[in-house]
Amino acid sequence: LPVHPENDNHKEDAKLVQDYLNKFYAIEPDPNQLGWKAKAESTAEKLQKMQQFFGLKVTGKPDSETLEVMKKPRCGVPDVGL
Amino acid sequence: YGVTLPGWKKTNLTYRIVNHTPDMREEDVDQAIQKAFEVWSTVTPLIFTRIYEGIADVMIAFRTKAHGHCPRYFDGPLGVLAHAFPPGNGFGGDVHFDEDEDWTSGSAGFNLFLVAAHEFGHALGLSHSNDQRALMYPNYAYVSPSEFPLSPDDIRGIQSIYGSQPNVPDEKPSTPTSPKTCGSQMSFDAVTTLRREVIFLKGRHLWRVYPDHSEVELELISTFWPMLPSGIQAAYENMKDQILFFKGNKFWVISGYQVLLGYPKSINTLGFPKGVKKIDAAVCNKNTGKTDFFIGDKYWRYDEYKQSMEKGYPRQTANDFPGISQKVDAVFQQKGFFYFFHGPKQWEFDPTANKVIREIKSNSWFNC
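If you're matching them up, the sequences are chains A and B in order. All letters in the first sequence, in the order written, are residues 153 to 234 by our numbering. All letters in the second sequence, in the order written, are residues 5 to 372 by our numbering.
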């Protein structure tokens, strides 16, 4: 203590990124899938996919422009298919 | 666009509104939902019928946070606004709206008609599009409901699933469709020449007219100039093969498909006083190199060579253009004549004789 406000922001941003990617860029399990599951993607890979979809610079890092898009009101359907 | 196959195997679909949001009057919710379905039935063979009991293909409900057996949850105000499921049984085709949002039929809060039309796209088998102009773009963006919300990308997407034979009922669908040029009340926001073409602008749309061989093409403004807003109020072609577009107190200079760097700029940079908030219409007289800007019942004159406003303006439009006594919506010059537009009327004006030659309908250029 005292907690540095910037650190708080980082924590909040990290949580926002994780929630966003889990919600909209995680392949939803296909109930009819038989056999092996696909390898889980890393956060950076999912972030790149999101940046590519929105026409942002594909850095794999949560830069300010990426965070700004993540904060916009939107539809709850994932951007990547089943 | 993207699709989640397969689509519905039938074209007659039912929907049921399970509950209503207290944010809006019930009849406004019903109308928003009905109009949202009509957006899709206008461009496909699909027919949507409302039922009040039992299980419909598309079950519509307002929910909050985790709700029932739905595999997704809502997150309170903002964030996720609604979600839907692709065609199928069970949750298939169902649409849920987050009741924690502020639902409206206008531009405040979130417009239920726009969000519903987007979610119904999912319920019919579309996934998200990365085209920012598309209704199926994931992020919410308000578009005036009076304008047709589907972009060419959306239409291609839904027609790739259901075909493109619309089942058009005898009377016109009540949902806004792309404007009909031959309607008797057709009016325009702005008109400009573009080399040998004449461009007519209204809302999000523009028409390219080739007067010499009577072709007409309808496009979205954003198809050519994605950086321009809809609702352009004035436009003119200057002497340097450029077009200037005006909206509110801003203007853009376009050369070919590119907006010149540094635009939009304030119209004050052209020499208008602070009190001028918008431009109604503008035309550059190719014979004199002078551009007339029409605002209310007055006009300003700008010297394109000197790049400055002429002294002694504004002047009363009616004094210098006899017969042009109403507010000018749009104006352009063709073969030496000026064509002034106000609502559904147009006046052909001969600047040499300094008089109106004839009054014609605004859509006379469209071979109606």
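Where is the CB? At the ideal position from N, CA and C, for every residue including glycine.
Taking the CB atoms as reference points, tell me whether residue i and residue j lie closer together than 7 Å.
i, j, result
"residue 124 of chain B", "residue 36 of chain B", "no"
"residue 448 of chain B", "residue 25 of chain B", "Only positions 5 to 372 of chain B appear in the structure, and residue 448 of chain B is not among them; the question remains open."
"residue 229 of chain A", "residue 100 of chain B", "no"
"residue 196 of chain B", "residue 370 of chain B", "no"
"residue 346 of chain B", "residue 330 of chain B", "yes"
"residue 130 of chain B", "residue 61 of chain B", "no"
"residue 246 of chain B", "residue 226 of chain B", "no"
"residue 234 of chain B", "residue 252 of chain B", "no"
"residue 19 of chain B", "residue 54 of chain B", "yes"
"residue 173 of chain A", "residue 209 of chain A", "no"
"residue 48 of chain B", "residue 214 of chain B", "no"
"residue 277 of chain B", "residue 302 of chain B", "no"
"residue 262 of chain B", "residue 250 of chain B", "no"
"residue 264 of chain B", "residue 255 of chain B", "no"
"residue 142 of chain B", "residue 231 of chain A", "yes"
"residue 135 of chain B", "residue 157 of chain B", "yes"
"residue 368 of chain B", "residue 190 of chain B", "no"
"residue 212 of chain A", "residue 200 of chain A", "yes"
"residue 168 of chain A", "residue 222 of chain A", "yes"
"residue 364 of chain B", "residue 350 of chain B", "yes"
Give the range of the beta strand (DSSP E) segment to which residue i is assigned.
i, result
"residue 1 of chain B", "Nothing about residue 1 of chain B can be read from this structure; chain B reaches only from 5 to 372."
"residue 12 of chain B", "No beta strand (DSSP E) contains residue 12 of chain B, which DSSP labels as neither H nor E."
"residue 63 of chain B", "62-67"
"residue 219 of chain A", "It is not in any beta strand (DSSP E) - residue 219 of chain A instead sits in the alpha helix (DSSP H) that spans 216-222."
"residue 239 of chain B", "238-241"
"residue 52 of chain B", "51-54"
"residue 213 of chain B", "209-214"
"residue 205 of chain B", "201-206"
"residue 257 of chain B", "254-259"
With residue i as the anchor, note down where its alpha helix (DSSP H) starts and where it stops.
i, result
"residue 246 of chain B", "Looking at the DSSP string, residue 246 of chain B is not in any alpha helix (DSSP H), and its letter there is neither H nor E."
"residue 197 of chain A", "195-205"
"residue 164 of chain B", "156-166"
"residue 228 of chain B", "225-228"
"residue 363 of chain B", "Counting along the chain, residue 363 of chain B falls outside any alpha helix (DSSP H), though it belongs to the beta strand (DSSP E) covering 359-365."
"residue 44 of chain B", "30-45"
Could you tell me which of the options sits nearest to residue i, measuring between CA atoms?
i, options, result
"residue 67 of chain B", "B/201, B/98, B/311 and B/46", "B/98"
"residue 326 of chain B", "B/312, B/348 and B/362", "B/362"
"residue 69 of chain B", "B/85, B/20, B/193 and B/63", "B/85"
"residue 274 of chain B", "B/157, B/96 and B/312", "B/312"
"residue 57 of chain B", "B/77, B/50, B/47 and B/22", "B/22"
"residue 138 of chain B", "B/224, B/280 and B/256", "B/224"
"residue 44 of chain B", "B/310, B/89, B/283 and B/155", "B/155"
"residue 160 of chain B", "B/356, B/232 and B/133", "B/133"
"residue 192 of chain B", "B/355, B/348, B/40 and B/354", "B/348"
"residue 225 of chain A", "B/146, B/248, B/367 and B/39", "B/146"
"residue 63 of chain B", "B/96, B/71, B/106 and B/51", "B/96"
"residue 90 of chain B", "B/105, B/120 and B/128", "B/128"
"residue 243 of chain B", "B/122, B/292, B/65 and B/189", "B/292"
"residue 227 of chain A", "B/153, B/120 and B/356", "B/120"
"residue 341 of chain B", "B/157, B/199 and B/360", "B/360"
"residue 358 of chain B", "B/151, B/122, B/189 and B/324", "B/324"
"residue 240 of chain B", "B/221, B/205 and B/216", "B/205"
"residue 372 of chain B", "B/12, B/232, B/352 and B/188", "B/188"
"residue 39 of chain B", "B/52, B/28, B/27 and B/29", "B/52"
"residue 376 of chain B", "B/27, B/71 and B/92", "In the structure as shown, chain B starts at 5 and stops at 372, and residue 376 of chain B therefore has no counterpart that could be examined."
"residue 455 of chain B", "B/315, B/308, B/304 and B/309", "Outside the shown range of chain B, which is 5 to 372, sits residue 455 of chain B, and nothing can be said about it."
"residue 163 of chain B", "B/11, B/220 and B/211", "B/11"
"residue 87 of chain B", "B/309, B/94 and B/65", "B/65"
"residue 13 of chain B", "B/50, B/282, B/42 and B/279", "B/50"
"residue 206 of chain A", "A/176, A/165 and A/166", "A/176"
"residue 344 of chain B", "B/314, B/284 and B/308", "B/284"
"residue 228 of chain B", "B/216, B/209 and B/94", "B/209"
Between residue i and the ligand NAD, is there a pair consisting of the residue's CB and a ligand heavy atom that are separated by less than 6 Å?
i, result
"residue 334 of chain B", "As for the ligand NAD, it is missing from this structure, which has no ligand bound."
Should the segment 262-270 of chain B be called in touch with the segment 287-296 of chain B, which here means at least 3 C-beta pairs below 8 Å?
-> no
Is the segment 216-224 of chain A in contact with the segment 105-113 of chain B, if contact means three or more CB pairs nearer than 8 Å?
-> no
Is the segment 331-339 of chain B touching the segment 291-307 of chain B, taking contact as three or more C-beta pairs under 8 Å?
-> yes
Would you list, in sequence order, the uninterrupted beta strand (DSSP E) runs of no fewer than 3 residues that lie entirely inside the segment 80-130 of chain B?
-> 84-88 and 99-102
Give a yes or no on contact between the segment 34-53 of chain B and the segment 77-84 of chain B, applying the rule of three or more CB pairs nearer than 8 Å.
-> no
Complete beta strand (DSSP E) runs within the segment 275-351 of chain B (minimum length 3 residues, chain order) = 285-289, 294-299, 302-307, 334-338 and 341-346
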